[in-house]
Amino acid sequence: MHIGSRHRRSWAAVVVALALVPGLVGAAPAAADISDERALAQRFAPVVALVHQDGQCGPGEPYEPSGVDAFLGNDSVALRGPWDRADLVKIGPTASDLGKGLDGYYLDFPGNPLRPGCGYELWARKATAGTEPTIYAHVATEAGRDDRLALQYWFFYPFNDYNNKHEGDWEMIQLLFAAGDPAAALDQKPIQVIYSQHTGAEVARWDDPKLELIDGTHPVVFVASGSHASYYDSALFLGRSSTEGFGCDDTRAPTNQLRPVVDVIPNDPAAARKAFPWITYQGLWGEKQVAFYNGPTGPNTKAAWGAPITFQQQQDRDRTYAVPAGGLLGTGATDFFCSSVAAGSNVVRLMTNNPALWLVILAALVLLTSYLIRKTRWQPSAPLRIARRRSGGQIMAAAARIYRSRWPTFIGIGLLTLPVSLLAAAVQGLIVLAPGPGGPGSGGEAGGYRIAAAAGVGYLLLGFAVVAVLAATTRALAEIDGGHNVTIRQAYRLTRSRWRALVAAFLILSALVGSAGLTILLIPVALVPIVAFSLHLPAAVFEETSAMASLRRSSQLVRHEVTKVAVVLGVCVLVASAVGPVLGTVLILATDAPFLLANVVAGLAFAFLMPFVGLVMAYTYWDARVRVLRAGGRIRAPQTLPAELPAPGASPPT
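My numbering numbers the first residue of the sequence shown as 84 and each following residue consecutively.
Here it is in structure tokens:
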């Protein structure tokens with residue numbers, strides 16, 4: 084090509100430009116990448132549905148996903164060091180301050196997370212005044228996985244007002260693409276989505292019916308009030324583990340749908356540090372507290388940040404069950420469960436905030452237990468001649484002694500609960516996994532109704548087994564007391580004629596207690612039939628009465644011994660129910676035993692101890708019966724000796 088004289092003067096500039104071409108060529112893709120990242124983040128930006136709050140400091144979700152800049156450079160926020168709570172490093176730390184890393188440091192917001200009141204809500208409103216709800220998008224890649232790309236959206240909330248209350252809260256959803264770069268992802272739909280929930284996450288396909296999309300590309304995130312866990316629909320969700328959260332997450336309508344501002348944190352680490360210096364912060368985004376009341380660490384410390392594809396593949400939970408939250412009977416039962424868990428969490432939190440109070444209460448319980456142990460008589464135990472007056476301690480001692488002397492028989496009787504438990508588990512599995520509405524792959528309320536039905540069937544099957552064990556134990560005790568040998572089969576056969584009355588009484592009592600427990604206000608009322616009818620089973624076995632007659636007889640016997648019956652049977656049932664789970668927990672904590680073995684140990688303990696409960700119930704029944712007969716002048720006995728009736732085999736008076 085000929086170069087004319089008019090171009091000679093710019094030759095030097097051309098040479099310089101050519102020298103810069105490699106740098107310009109290298110910079111162009113980076114600029115394109117961040118542009119593509121922004122375009123991808125905007126295209127799939129989520130819609131955030133927050134539970135509506137009618138009034139300040141009232142029910143609902145008061146916190147919106149916020150930009151962290153509202154809390155940085157804020158003189159009400161402190162940065163503290165890792166040495167002790169008094170180590171104030173700086174007031175109003177900036178993004179540049181956090182950019183130093185500062186592992187072990189923590190931000191301290193004004194207030195006490197263990198006693199939050201409404202302080203955090205009022206403070207957050209003031210701190211975020213004039214700002215828009217904001218979330219952070221990040222295109223995340225993983226070495227060795229060039230065929231996959233993750234688009235993450237991170238949400239920051241100033242306070243977590245769930246059972247494990249803490250300052251600061253980071254949540255995330257992630258969209259997975261079968262693409263190697265953002266430009267390619269722009270031409271695709273995501274293949275999978277995960278919504279973070281507590282320490283776990285729930286997976287969904289992009290075409291999954293449970294995933295609600297607006298305009299075909301914007302997933303709706305239903306945020307649980309308080310915990311900020313992310314869900315796919317509006318319901319009351321039951322959590323039974325750390326990954327699901329223990330308690331209830333509420334995303335029910337009415338909700339306010341937000342379209343937050345999306346700030347994009349570049350995929351390139353250097354560009355990310357330059358644009359958002361705080362992203363390299365290694366400390367806590369909230370006050371350092373004991374156990375699970377700590378503030379959280381930031382996005383860059385999470386497994387999903389550096390290995391998003393591996394993280395997504397590790398999430399295998401594709402449903403979350405919602406408890407039935409409507410219907411003719413209302414929501415009393417589910418509200419009671421959620422309120423109970425929340426109340427228990429509040430007790431633990433308050434005890435953590437004031438350990439001295441916990442020590443005082445613990446000491447009071449120890450003293451009360453010691454007093455009760457010393458107050459009652461334990462000897463003589465005299466397990467035979469069961470129809471006699473006994474103190475609470477003597478009832479326990481007599482039951483333990485007769486159990487020990489005939490342990491093969493009583494353990495054999497109790498083992499019925501094991502196959503019935505397996506049967507109940509199998510039937511529950513069929514109910515939950517059977518095809519149809521609310522079947523496999525279904526969460527929400529449809530799946531929740533199935534869970535409720537499965538729980539009801541399990542309760543009935545195991546309840547019938549326990550009734551059979553208690554009745555057989557009672558009958559075996561009567562035979563032993565009459566001087567007869569009895570086998571396991573004989574014990575069950577001798578109760579066969581009483582089975583209709585026993586089952587009917589069990590169903591009547593379950594209905595009474597269940598009806599009373601539908602509302603929190605009636606929970607104390609539910610204790611009345613539990614105590615009043617606690618002796619109906621031995622009454623039905625020993626006196627061969629009908630279901631209603633056995634319930635009436637129990638109330639007659641208990642009326643004069645309410646405290647004694649409630650304490651003796653309450654302690655016995657509590658211990659028998661707690662031993663198995665405690666042993667299983669110890670086994671898990673002290674060994675590497677699998678959960679299955681721990682559950683087997685708990686089941687065996689329950690089977691072994693149910694006959695002991697039956698023995699205590701029988702001795703308590705005879706103690707109360709003798710007292711009633713003595714009070715009516717039917718028998719005479721010196722006050723210095725235990726009054727007794729003839730052995731049951733000798734036809735005692737009724």
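For each residue, glycine too, the CB sits at the ideal point set by N, CA and C.
Suppose only complete runs of 4+ residues qualify. What are the alpha helix (DSSP H) ranges in the region 125-169, listed by chain order? none
I need the boundaries of the beta strand (DSSP E) containing Thr217, first residue and last residue. One-based indexing of the sequence shown puts residue 217 at position 134. Here the beta strand (DSSP E) through Thr217 covers Thr217 to Ala223.
Just to check my reading of the structure: Thr217 and Gly150 have Cβ atoms closer than 8 Å, yes? What is that Cβ distance to the nearest angstrom? Against the sequence shown, residue 217 aligns to sequence position 134. Against the sequence shown, residue 150 aligns to sequence position 67. The Cβ separation is near 4 Å, so the contact holds.
Does the region 121-131 come close enough to the region 150-166 that 3 or more CB-CB pairs lie under 8 Å? no
In the DSSP assignment, find the unbroken beta strand (DSSP E) run with Pro352 in it and report its ends. The sequence position of residue 352 within the sequence shown is 269, counting from 1. Where Pro352 is concerned, there is no enclosing beta strand (DSSP E), although the alpha helix (DSSP H) it sits in stretches over Pro352 to Ala358.
C-alpha distance - Val654 paired with Leu258, whole-angstrom precision: For the purposes of this step, residue 654 is taken as the residue at position 571 of the sequence shown. For the purposes of this step, residue 258 is taken as the residue at position 175 of the sequence shown. Rounded to whole angstroms, Val654 to Leu258 spans 52 Å at the Cα level.
Return the bridge partner residues of Phe239 from the DSSP annotation. Walking along the sequence shown from the start, residue 239 turns up at place 156. Beta-bridge analysis with DSSP links Phe239 to Trp253.
Report the option in Asp351, Lys371, Glu370 and Gln372 whose CA atom is closest to the CA atom of Ile362. In the sequence shown, counting from the first residue as 1, residue 362 sits at position 279. The shortest Cα separation from Ile362 among Asp351, Lys371, Glu370 and Gln372 belongs to Asp351.
Using 8 Å as the threshold, is the region 680-697 in touch with the region 496-503, meaning 3 or more CB pairs across them? yes
Please report the Cβ distance between Leu699 and Leu652, rounded to the nearest whole angstrom; I am assuming they are in contact, meaning their Cβ atoms lie under 8 Å. Here residue 699 refers to the residue found at position 616 when the sequence shown is read from its first residue. Here residue 652 refers to the residue found at position 569 when the sequence shown is read from its first residue. Residue identity check: residue 699 is Val in the sequence provided, not Leu. That belief holds up - the Cβ atoms of Val699 and Leu652 are roughly 7 Å apart, short of 8 Å.
Can you check DSSP and say which residues form a bridge with His643? By 1-based counting over the sequence shown, the position of residue 643 is 560. Answer by DSSP bridge pairing: none, since His643 is not bridged.
By the 10 Å Cβ neighbour count, where 16 or more other Cβ atoms means buried, how is Asn247 classified, buried or exposed? Counted from its first residue, the sequence shown places residue 247 at position 164. Burial call: buried.
Checking 9 Å against the spacing of the C-beta atoms, do Leu585 and Leu620 come in under that value? Numbered from its first residue, the sequence shown carries residue 585 at position 502. Numbered from its first residue, the sequence shown carries residue 620 at position 537. Cβ atoms of Leu585 and Leu620: closer than 9 Å.
If you reduce the DSSP assignment to three classes, tell me which class Ser317 lands in. To locate residue 317, count along the sequence shown from 1; it is residue 234. Three-state DSSP puts Ser317 in coil, outside helix and strand.
So, Ala223 versus Ser159, is the Cβ gap smaller than 9 Å? Here residue 223 refers to the residue found at position 140 of the sequence shown. Here residue 159 refers to the residue found at position 76 of the sequence shown. Contact: no.
With C-beta atoms as the reference, is Tyr704 less than 9 Å away from Arg473? Start at 1 with the first residue of the sequence shown, and residue 704 comes out as number 621. Start at 1 with the first residue of the sequence shown, and residue 473 comes out as number 390. Cβ distance not < 9 Å, so Tyr704 and Arg473 don't count as in contact.
Quick one: what's got a C-beta closer than 8 Å to Ser317's C-beta in the same chain, skipping five residues either side? If you number the sequence shown from 1, residue 317 lands on position 234. Ala132, Phe305, Thr334, Arg335, Ala336 and Thr338, listed in sequence order.
Tell me the DSSP secondary structure of Ala233 in three-state form. By one-based count along the sequence shown, residue 233 stands at place 150. Correct three-state label for Ala233: strand.
Report buried or exposed for Tyr454, applying the criterion of at least 16 other Cβ atoms within 10 angstroms of its Cβ. The residue you call residue 454 lines up with position 371 of the sequence shown. With fewer than 16 Cβ atoms within 10 Å of its Cβ, Tyr454 is classed as exposed.
Own chain, CB closer than 7 Å to Arg710, minus 5 neighbours either side, in chain order: Translated into the one-based positions of the sequence shown, residue 710 becomes position 627. Cβ neighbours of Arg710 beyond the five flanking positions: Arg472, His643 and Glu644.
Using 8 Å as the cut-off, can you tell me whether the region 287-295 makes contact with the region 235-246, which would need three or more C-beta pairs spanning the two stretches below that distance? no
Could you pull the DSSP bridge partners for Gly291 from this structure? What you label residue 291 is simply residue 208 of the sequence shown in a count that begins at 1. The sequence as given places Asp at residue 291; Gly does not occur at that position. Asp291 is not bridged to any residue.
Does the separation of the CB atoms of Ser633 and Ala588 fall below 9 Å? Position 550 of the sequence shown holds residue 633. Position 505 of the sequence shown holds residue 588. It is a contact, given that the beta carbons lie within the stated cut-off.
Give me the Cβ distance between Glu144 and Leu341, rounded to the nearest whole Å; I'm assuming they're in contact under 8 Å. Taking the first residue of the sequence shown as position 1, residue 144 is located at position 61. Taking the first residue of the sequence shown as position 1, residue 341 is located at position 258. Actually they are not in contact, since the Cβ atoms of Glu144 and Leu341 sit about 11 Å apart, beyond 8 Å.
Counting along the chain, where does the beta strand (DSSP E) carrying His301 start and finish? Within the sequence shown, the letter at position 218 stands for residue 301. Note, His301: beta strand (DSSP E), His301 to Val306.
Helix, strand or coil at Gly410 according to DSSP, with G and I counted as helix: Sequence index remark: in the sequence shown, residue 410 carries index 327 (1-based). Caution applies to Gly410, whose pLDDT of 42 falls short of 50 and renders its modelled position unreliable; the value that the coordinates give is listed next. DSSP places Gly410 in coil when its eight states are reduced to three.
Is the beta carbon of Thr578 closer than 9 Å to that of Ala551? Here residue 551 corresponds to residue number 468 of the sequence shown, with the count starting at 1. Here residue 578 corresponds to residue number 495 of the sequence shown, with the count starting at 1. In contact: Ala551 and Thr578 (Cβ atoms closer than 9 Å).
How close, in whole Å, do the beta carbons of Arg400 and Glu250 come, if the pair is a contact with beta carbons under 8 Å? Residue 400 sits at position 317 when you count from the first residue of the sequence shown. Residue 250 sits at position 167 when you count from the first residue of the sequence shown. Rounded, the Cβ-Cβ distance is 28 Å, inconsistent with contact.
Kindly identify the DSSP beta-bridge partner or partners of Lys173. As a working mapping, residue 173 is identified with position 90 in the sequence shown. DSSP output for Lys173 lists Leu162 as bridge partner(s).
Rounded to the nearest angstrom, what separates Arg572 and Lys647 at their Cα positions? Translated into the one-based positions of the sequence shown, residue 572 becomes position 489. Translated into the one-based positions of the sequence shown, residue 647 becomes position 564. Distance between the alpha carbons of Arg572 and Lys647: 33 Å.
Does the Cβ of Trp490 have 16 or more other Cβ atoms within 10 Å, making it buried, or fewer, making it exposed? In the sequence shown, residue 490 corresponds to position 407, counting from 1. Under this definition Trp490 is an exposed residue.
Buried/exposed call for Pro438, threshold 16 Cβ in 10 Å: Numbered from its first residue, the sequence shown carries residue 438 at position 355. Counting Cβ neighbours within 10 Å, Pro438 comes out exposed, since fewer than 16 surround it.
Look up Leu269 in the DSSP assignment and say whether it is helix, strand or coil. Within the sequence shown, numbered from 1, the residue matching residue 269 stands at position 186. Looking at Leu269 - three-state DSSP - the assignment turns out to be coil, as it is neither helix nor strand.
Classification of Leu657 by the beta-carbon crowding that lies within 10 angstroms, buried from 16 upward: Start at 1 with the first residue of the sequence shown, and residue 657 comes out as number 574. The residue is exposed, with fewer than 16 neighbouring Cβ atoms inside 10 Å.
By Cβ distance below 7 Å, which residues in the same chain neighbour Ser384 in space, the five residues on each side in sequence not counted? Against the sequence shown, residue 384 aligns to sequence position 301. The sequence as given places Thr at residue 384; Ser does not occur at that position. Gln365, listed in sequence order.
Exposure of Ile297, with buried meaning 16 or more beta-carbon neighbours within 10 Å: If you number the sequence shown from 1, residue 297 lands on position 214. Result: exposed.
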